[in-house]
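Colleague:
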Amino acid sequence: KAAKRREDYLPPDFTVDHIDLKIVLAADATSVSAVLQVTRIGSHERPLCLDGEQLTLKSVEVDGIAWTDYQLSETALTINGVPDSFVLSTVVEIAPAHNTSLEGLYLSDGAFCTQCEAEGFRKITYFLDRPDVLSMYDVTITAPQDEYPQLLSNGNKLASGHNDDGTHWVKWQDPHRKPCYLFALVAGDFDLLTDEFTTQSGRVVALELYVDKGKLNRGQHALDSLKRAMRWDEEVFGLEYDLDVYMIVAVDFFNMGAMENKGLNVFNSKFVLADSETATDDDYFNIESVIAHEYFHNWTGNRVTCRDWFQLSLKEGLTVFRDQIFSETFNSPLATRIKQVKVIREHQFAEDAGPMSHPIRPDEVIEMNNFYTVTVYDKGAEVIRMLWTLLTPEGFKRGMRFYFDRHDGQAVTCDDFVNAMQDANDIDLSLFKRWYGQSGTPRISIAQHGDKLTIGQHTPATADQASKQALLIPLQLEMVPSNGQGESVQLTVALKSETQEVLLPVSSGNRVLSVNSGFSAPVIVEQQASLAELGSILSFAKSDFDRWEASQALFKQAMLANMEGDASVINETAQLMAQFITAEQRNLALLSEVLIPPSVESLVAGLEQVNVDALLNSHKAVYKRVAIECAPMLEKLLAALVLRDEYAYTPEQIVQRKALNTLLKLYSQCQDTSDMLTTLFTNADNMTDTLTALQAAQLGNQSTFESLMQQFEERWQDDPLVLDKWFALHATTERPDILARLQLLMEHKQYTLKNPNRIRAILGSFAFYNTAGLHLSDGSGYRFFTDHLLAIDPVNPQVAARIVTPLLSWRKFDSDRQDKIKFHLTRILDNPQISSDLFEKVSKSLA
Ligand code: HT7
Ligand code: ZN
Numbered sequence: 004k005a006a007k008r009r010e011d012y013l014p015p016d017f018t019v020d021h022i023d024l025k026i027v028l029a030a031d032a033t034s035v036s037a038v039l040q041v042t043r044i045g046s047h048e049r050p051l052c053l054d055g056e057q058l059t060l061k062s063v064e065v066d067g068i069a070w071t072d073y074q075l076s077e078t079a080l081t082i083n084g085v086p087d088s089f090v091l092s093t094v095v096e097i098a099p100a101h102n103t104s105l106e107g108l109y110l111s112d113g114a115f116c117t118q119c120e121a122e123g124f125r126k127i128t129y130f131l132d133r134p135d136v137l138s139m140y141d142v143t144i145t146a147p148q149d150e151y152p153q154l155l156s157n158g159n160k161l162a163s164g165h166n167d168d169g170t171h172w173v174k175w176q177d178p179h180r181k182p183c184y185l186f187a188l189v190a191g192d193f194d195l196l197t198d199e200f201t202t203q204s205g206r207v208v209a210l211e212l213y214v215d216k217g218k219l220n221r222g223q224h225a226l227d228s229l230k231r232a233m234r235w236d237e238e239v240f241g242l243e244y245d246l247d248v249y250m251i252v253a254v255d256f257f258n259m260g261a262m263e264n265k266g267l268n269v270f271n272s273k274f275v276l277a278d279s280e281t282a283t284d285d286d287y288f289n290i291e292s293v294i295a296h297e298y299f300h301n302w303t304g305n306r307v308t309c310r311d312w313f314q315l316s317l318k319e320g321l322t323v324f325r326d327q328i329f330s331e332t333f334n335s336p337l338a339t340r341i342k343q344v345k346v347i348r349e350h351q352f353a354e355d356a357g358p359m360s361h362p363i364r365p366d367e368v369i370e371m372n373n374f375y376t377v378t379v380y381d382k383g384a385e386v387i388r389m390l391w392t393l394l395t396p397e398g399f400k401r402g403m404r405f406y407f408d409r410h411d412g413q414a415v416t417c418d419d420f421v422n423a424m425q426d427a428n429d430i431d432l433s434l435f436k437r438w439y440g441q442s443g444t445p446r447i448s449i450a451q452h453g454d455k456l457t458i459g460q461h462t463p464a465t466a467d468q469a470s471k472q473a474l475l476i477p478l479q480l481e482m483v484p485s486n487g488q489g490e491s492v493q494l495t496v497a498l499k500s501e502t503q504e505v506l507l508p509v510s511s512g513n514r515v516l517s518v519n520s521g522f523s524a525p526v527i528v529e530q531q532a533s534l535a536e537l538g539s540i541l542s543f544a545k546s547d548f549d550r551w552e553a554s555q556a557l558f559k560q561a562m563l564a565n566m567e568g569d570a571s572v573i574n575e576t577a578q579l580m581a582q583f584i585t586a587e588q589r590n591l592a593l594l595s596e597v598l599i600p601p602s603v604e605s606l607v608a609g610l611e612q613v614n615v616d617a618l619l620n621s622h623k624a625v626y627k628r629v630a631i632e633c634a635p636m637l638e639k640l641l642a643a644l645v646l647r648d649e650y651a652y653t654p655e656q657i658v659q660r661k662a663l664n665t666l667l668k669l670y671s672q673c674q675d676t677s678d679m680l681t682t683l684f685t686n687a688d689n690m691t692d693t694l695t696a697l698q699a700a701q702l703g704n705q706s707t708f709e710s711l712m713q714q715f716e717e718r719w720q721d722d723p724l725v726l727d728k729w730f731a732l733h734a735t736t737e738r739p740d741i742l743a744r745l746q747l748l749m750e751h752k753q754y755t756l757k758n759p760n761r762i763r764a765i766l767g768s769f770a771f772y773n774t775a776g777l778h779l780s781d782g783s784g785y786r787f788f789t790d791h792l793l794a795i796d797p798v799n800p801q802v803a804a805r806i807v808t809p810l811l812s813w814r815k816f817d818s819d820r821q822d823k824i825k826f827h828l829t830r831i832l833d834n835p836q837i838s839s840d841l842f843e844k845v846s847k848s849l850a
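Just add 3 to wherever you are in the sequence shown, counting from 1, and you've got the UniProt record's numbering.
(1) Going by alpha carbons, who is nearest to A630 out of V254, Y375, T676?
(2) Expressed to the nearest angstrom, what Euclidean distance is found between the alpha-carbon atoms of G217 and V189?
(3) Under the DSSP definition of a beta bridge, which residues are partnered with G459?
(4) Take T145 and list the residues in its own chain whose beta-carbon comes closer than 6 Å to its own, dropping the five residues that flank it on each side.
(5) Just to check my reading of the structure: F288 and N220 have Cβ atoms closer than 8 Å, yes? What is that Cβ distance to the nearest angstrom?
(6) Under DSSP, the alpha helix (DSSP H) around P759 begins and ends at which residues?
(7) When the Cα atoms are used, what is the spatial distance from D819 to A731?
(8) Of the residues R786, G222, K728, which one's Cα is nearest the Cα of R763?
(9) So, at 7 Å on beta carbons, what are the nonlocal neighbours of K668 in its own chain, with the 5 sequence-adjacent residues on each side left out?
(10) Hey, V515 and S500: beta-carbon distance below 9 Å or not?
(11) Can you have a look at R325 and say buried or exposed, based on whether 16 or more other CB atoms are within 10 angstroms of its CB?
(12) Suppose only complete runs of 4+ residues qualify. What are the alpha helix (DSSP H) ranges in the segment 389-455, listed by chain order?
(13) Give me the DSSP bridge partner(s) of E64.
(14) Within 8 Å: the Cβ of G45 and any heavy atom of ligand 2?
(15) Just the C-alpha distance for L828 and D740, rounded to the nearest angstrom, thanks.
(16) Mind checking F17: buried by the 16 CB within 10 Å criterion, or exposed?
(17) Do L131 and N157 come within 9 Å of each other at the CB atom, strictly closer than that value?
(18) Alpha carbon to alpha carbon, how far is V379 from L315? Give it in angstroms, no decimals.
(19) Can you tell which of S433, E490, F583, S517 has the C-alpha that lies nearest to the C-alpha of L456?
(20) Based on the DSSP output, what are the partners of E481 in its beta bridges?
(21) V35 and I127 look like a contact to me (Cβ under 8 Å); what is the Cβ gap, rounded to whole Å?
(22) Spatial neighbours of P601 within its chain, please: C-beta separation below 7 Å, excluding the five flanking residues on both sides.
(23) Determine the direct distance from the alpha carbon of V597 to that of V136, and round the result to whole angstroms.
(24) Just to check my reading of the structure: W551 and I341 have Cβ atoms closer than 8 Å, yes? What is that Cβ distance to the nearest angstrom?
(25) Between the Cα of A295 and those of E716, E536, E237, P797, spot the shortest distance and give me the residue it belongs to.
(26) Mapping DSSP to helix, strand and coil, what is R340?
(27) With DSSP as the reference, please indicate the residues paired to L110 in a beta bridge.
(28) Report whether the distance from the Cβ of E716 to the nearest heavy atom of ligand 1 is below 8 Å.
(29) Could you check what DSSP says for H179 in three-state terms: helix, strand or coil?
(30) Taking only three categories from DSSP, how would you classify S330?
(31) When a residue counts only if its C-beta is closer than 6 Å to some heavy atom of ligand 2, which residues count, in chain order?
(32) Locate the alpha helix (DSSP H) running through Y249, then write down its first and last residues.
(33) Quick check: does the Cβ of G767 come within less than 8 Å of any heavy atom belonging to ligand 1?
(34) Is the Cβ-Cβ distance between P800 and L756 less than 9 Å?
(35) Going by DSSP, what residue range makes up the beta strand (DSSP E) through R43?
(36) In this structure, what does DSSP give as the bridge partners for I213?
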């Protein structure tokens with residue numbers, strides 16, 4: 004597949020005003036008849052070139068006349084000699100049962116479902132498969148009644164009926180124009196949970212949640228989350244739902260989290276199903292956030308969509324930001340922001356420093372599926388957050404209203420979005436637009452001379468771009484009183500050039516600067532604060548987020564210093580942590596964040612050169628040393644935490660369970676906690692506490708871990724979604740025989756290469772979160788992992804290309820490991836059957 008460039012965008016030669024689809028479902032041979040109302044755009048003589056892949060063409064007609072003047076290739080149907088306006092009718096046959104890629108029309112556990120974003124509609128019928136072609140849809144689905152009693156598509160149900168051969172049919176009509184990536188079809192036999200929502204203008208919307216038979220009691224949280232999201236979007240942005248029905252279907256086989264198809268969301272069941280027995284507090288949080296995300300797309304993505312796929316962040320960055328501020332409202336703002344920032348530090352900074360570096364609006368793409376990235380999504384959301392800061396929430400909301408007034412029903416660009424924000428607020432955002440076109444993580448330097456700061460910004464070259472420009476960066480600072488006496492002072496500086504001088508608003512005497520307070524911009528602050536300064540921020544900053552930041556910096560400094568044989572930093576850090584836990588013993592929310600050290604993987608992401616073995620040892624040593632210093636306080640706090648009321652998903656209980664998790668893991672570093680863990684595991688009335696027991700044992704007590712894991716498997720062996728937690732725990736355990744263990748897991752009766760959740764739970768967790776195992780010094784981890792990648796690629800290239808990521812940044816490891824990783828990456832590239840997904844990533848990494 005050749006690379007496509009953003010700058011080569013051309014409007015389509017034709018558009019499709021209306022499409023009438025008739026789909027007769029059968030696992031091996033589904034018939035798709037499409038009647039397209041086509042109009043030429045502009046005056047040209049070019050033929051109509053439609054995208055299509057893995058389709059068997061049966062017939063072509065133009066205005067009702069059989070047409071033979073066309074060419075057919077593996078990826079296109081080109082129809083010559085067509086008039087300016089005409090009706091094109093095609094019939095194709097497809098084989099959903101053989102579609103393992105999980106895009107287009109496929110079977111998930113016996114149910115038919117579709118995934119069309121980004122370019123999956125072309126696997127259903129010949130069409131202009133690009134987001135700037137917006138059409139009205141009529142869809143008639145026919146299937147055997149007993150096997151597939153529910154036949155769903157976008158919009159409103161118009162009619163239905165029965166045929167004499169045991170099949171039935173349903174006709175759907177979507178009153179909104181849409182690009183084909185938002186088309187969806189589901190056919191199956193589900194349990195249905197229903198509810199209603201009355202919009203602010205008084206329209207009643209039917210809510211329907213379709214889940215696997217017998218899972219109805221796990222759907223309530225998703226439905227409640229949907230209603231919260233619908234109300235919140237009305238209250239905060241004035242955005243109301245625009246159809247009579249909102250359907251969500253949970254399927255087990257899905258490549259990503261969920262998909263926002265108009266009026267018919269399809270979800271990975273992991274982001275729908277929850278009850279206290281089977282789901283953790285984190286699962287509850289994630290479900291609420293993904294449900295909200297897909298719902299918010301109805302305006303940011305569906306009503307106003309992307310002109311081309313280079314503009315993906317237009318909808319994804321904006322919608323992630325919207326789901327983030329929604330989550331911050333209904334959950335602990337501190338814990339929520341920390342989760343977001345961890346994703347940026349651990350994954351996005353690494354992506355930007357590696358071979359796949361790209362701006363949030365990429366310039367060049369081989370395989371679009373490779374660009375559903377943490378850069379486009381999460382850095383994209385940080386860019387929107389900076390606009391929110393610069394314009395203030397009121398100005399931002401004014402901009403949103405203006406954006407919808409101007410662009411409702413259109414396919415637009417990221418520039419159109421920023422222009423709307425600009426025009427609604429009478430502000431010049433031309434400098435800000437550089438965030439969309441420039442990759443890389445800016446470095447901020449601070450030099451202080453009395454009350455004057457000289458702030459510098461500099462973005463190092465990235466794999467995709469050699470030269471960089473200064474950006475508009477809203478940098479928040481907190482001037483923290485170093486001894487806790489007096490008030491903190493907060494200020495925001497809008498950086499616009501490579502260096503900028505700032506006069507502090509109050510005297511800097513006896514104050515410590517907390518820079519990039521609240522993570523106001525996705526940058527790296529180069530200034531190394533001293534341990535004493537970090538101690539002051541940890542103790543006295545007004546922003547709890549900054550206090551957490553200080554704890555992470557302390558841990559990191561101790562771990563790096565310990566690698567260099569400097570033990571003094573460890574001791575001082577341990578003492579600061581012990582003082583902190585004593586002073587803040589009632590502040591469980593903060594304690595439970597501060598006492599989690601940065602993960603080995605996040606440290607690897609932040610380093611240019613990594614000595615894996617030394618880093619792993621140092622990480623353990625610091626964690627243990629802090630545990631020893633804090634042990635008496637941990638003991639006291641834990642005694643109070645293990646006794647709790649019956650499970651409830653309430654803010655108070657969530658904090659308590661989180662604190663129990665953090666403190667117990669830490670305490671297990673220096674004490675034999677086997678009895679405590681076994682009791683907790685045995686008495687737990689919820690999955691959060693069960694996992695706490697397992698995680699603490701995993702880190703500190705091998706035999707307890709093995710015994711509890713065995714009990715867990717016996718209990719949950721028939722529930723793959725729950726068992727994924729068990730797979731992931733095994734896959735992330737540091738042990739010399741980890742590869743043999745992984746092999747056993749992949750022989751488990753619940754493991755299948757065809758289900759992405761299983762692959763992610765075992766191989767994904769191993770590659771991303773078992774640094775010790777992947778980087779075993781003899782290279783066996785690389786060999787094992789690569790062998791499996793090569794087996795997954797032909798089945799599901801999207802998933803293979805996602806989990807290959809940790810190998811791509813091979814340049815940061817020692818030369819022996821570099822050689823070994825390169826050898827295996829070359830093995831992937833030498834495979835003549837390699838997918839375009841893997842090819843793009845691996846070839847860039849080796850370039
Ligand atoms: N917009 C959706 C993206 C998506 C996707 C992309 C590629 C392959 C499969 C996919 N499933 C869903 C999800 C979202 O961001 O809301
Ligand atoms: Zn999205």
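We treat Cβ as the ideally placed atom computed from N, Cα and C, and that holds for glycine. Everything numeric in this text was worked out from a predicted model, so none of it was measured.
Modeller: Put simply:
(1) Along the sequence shown, read from residue 1 onward, the residue named residue 630 stands at position 627. Minimum Cα distance to A630 is reached at T676.
(2) Reading the sequence shown from its first residue, position 214 is the one you call residue 217. Reading the sequence shown from its first residue, position 186 is the one you call residue 189. Distance from the CA atom of G217 to the CA atom of V189, rounded to whole angstroms, is 19 Å.
(3) In the sequence shown, residue 459 corresponds to position 456, counting from 1. Paired residues: S448, T502.
(4) As a first step, residue 145 is located in the sequence shown; it is residue number 142 there, counting from the start. Here the set comprises V27, T170, W172.
(5) Stepping through the sequence shown from its first residue, residue 288 is reached at position 285. Stepping through the sequence shown from its first residue, residue 220 is reached at position 217. With a Cβ gap of about 20 Å, F288 and N220 do not count as contacting.
(6) Position 756 of the sequence shown, counted from the first residue, corresponds to residue 759. Where P759 is concerned, the enclosing alpha helix (DSSP H) stretches over 759-762.
(7) Looking up residue 819 in the sequence shown gives position 816. Looking up residue 731 in the sequence shown gives position 728. It is roughly 28 Å from the alpha-carbon of D819 to the alpha-carbon of A731.
(8) Within the sequence shown, residue 763 is the residue found at index 760, counting from 1. Across the set R786, G222, K728, the C-alpha of K728 shows the shortest separation from the C-alpha of R763.
(9) Against the sequence shown, residue 668 aligns to sequence position 665. Residues Q698, A699, L702 of the same chain have their beta carbon placed closer than 7 Å to that of K668, with the five preceding and five following residues left out of the count.
(10) Working through the sequence shown from its first residue, we reach residue 515 at position 512. Working through the sequence shown from its first residue, we reach residue 500 at position 497. Going by C-beta atoms, V515 is not nearer than 9 Å to S500.
(11) Residue mapping note: residue 325 aligns to position 322 of the sequence shown, counting from 1. Looking at its Cβ environment, which holds 16 or more other Cβ atoms inside 10 Å, R325 is buried.
(12) List check, alpha helix (DSSP H) in window: 417-428, 437-440.
(13) Here the question's residue 64 lines up with position 61 in the sequence shown. Residue pairing by DSSP puts E64 in a beta bridge opposite A69, S92.
(14) Position 42 of the sequence shown, counting from 1, holds the residue named residue 45. No, Cβ of G45 sits at least 8 Å from all heavy atoms of ligand 2.
(15) Locating residue 828 in the sequence shown gives position 825, where the first residue counts as 1. Locating residue 740 in the sequence shown gives position 737, where the first residue counts as 1. The alpha-carbon of L828 is positioned some 23 Å away from that of D740.
(16) The count along the sequence shown starts at 1 and reaches residue 17 at position 14. Buried is the label assigned to F17, since at least 16 other Cβ atoms lie within 10 Å of its Cβ.
(17) For the purposes of this step, residue 157 is identified with residue 154 of the sequence shown, where counting begins at 1. For the purposes of this step, residue 131 is identified with residue 128 of the sequence shown, where counting begins at 1. L131 is positioned such that its CB atom lies no closer than 9 Å to that of N157.
(18) Your numbering for residue 315 matches position 312 in the sequence shown. Your numbering for residue 379 matches position 376 in the sequence shown. L315 and V379 have their C-alpha atoms roughly 7 Å apart.
(19) The sequence position of residue 456 within the sequence shown is 453, counting from 1. Of the candidates S433, E490, F583, S517, the one whose C-alpha sits nearest the C-alpha of L456 is S517.
(20) Sequence index remark: in the sequence shown, residue 481 carries index 478 (1-based). Per DSSP, Q493, S517.
(21) As a working mapping, residue 35 is identified with position 32 in the sequence shown. As a working mapping, residue 127 is identified with position 124 in the sequence shown. I127 and V35 do touch by the CB rule: their CB atoms are close to 6 Å apart, below 8 Å.
(22) As a first step, residue 601 is located in the sequence shown; it is residue number 598 there, counting from the start. Same-chain partners within the cutoff: Q555, F558, K559.
(23) Counting from one through the sequence shown, the residue named residue 136 turns up at place 133. Counting from one through the sequence shown, the residue named residue 597 turns up at place 594. For V136 and V597, the distance between alpha carbons rounds to 50 Å.
(24) The sequence position of residue 551 within the sequence shown is 548, counting from 1. The sequence position of residue 341 within the sequence shown is 338, counting from 1. That pair is a contact at about 6 Å.
(25) Your numbering for residue 295 matches position 292 in the sequence shown. It is E237 whose Cα lies nearest to the Cα of A295.
(26) Here residue 340 is taken as the residue at index 337 of the sequence shown, counted from 1. Note: R340 maps to helix in three-state DSSP.
(27) Indexing the sequence shown from 1 puts residue 110 at position 107. Looking at the DSSP output, L110 bridges to F115.
(28) Taking the sequence shown and counting its residues from 1, the one referred to as residue 716 is at position 713. The answer is no for E716.
(29) Working through the sequence shown from its first residue, we reach residue 179 at position 176. DSSP places H179 in strand when its eight states are reduced to three.
(30) Here residue 330 refers to the residue found at position 327 of the sequence shown. The answer is helix: DSSP assigns S330 an H, G or I state.
(31) Checking every Cβ against the heavy atoms of ligand 2 under 6 Å gives H296, H300, E319, T322.
(32) Position 246 of the sequence shown, counted from the start, is the residue given in the question as residue 249. Note, Y249: premise wrong, no alpha helix (DSSP H); beta strand (DSSP E) at 248-254.
(33) For this step, residue 767 is matched to residue 764 along the sequence shown. No; taking the cut-off as 8 Å, the Cβ of G767 has no heavy atom of ligand 1 nearer than that.
(34) Position 797 of the sequence shown, counted from the start, is the residue given in the question as residue 800. Position 753 of the sequence shown, counted from the start, is the residue given in the question as residue 756. Not closer than 9 Å, so no.
(35) The residue you call residue 43 lines up with position 40 of the sequence shown. Element bounds for R43: 33-43.
(36) Within the sequence shown, numbered from 1, the residue matching residue 213 stands at position 210. Before going further, note that residue 213 is Tyr rather than Ile in the sequence given. Y213 has L195, V252 as its beta-bridge partners, per DSSP.
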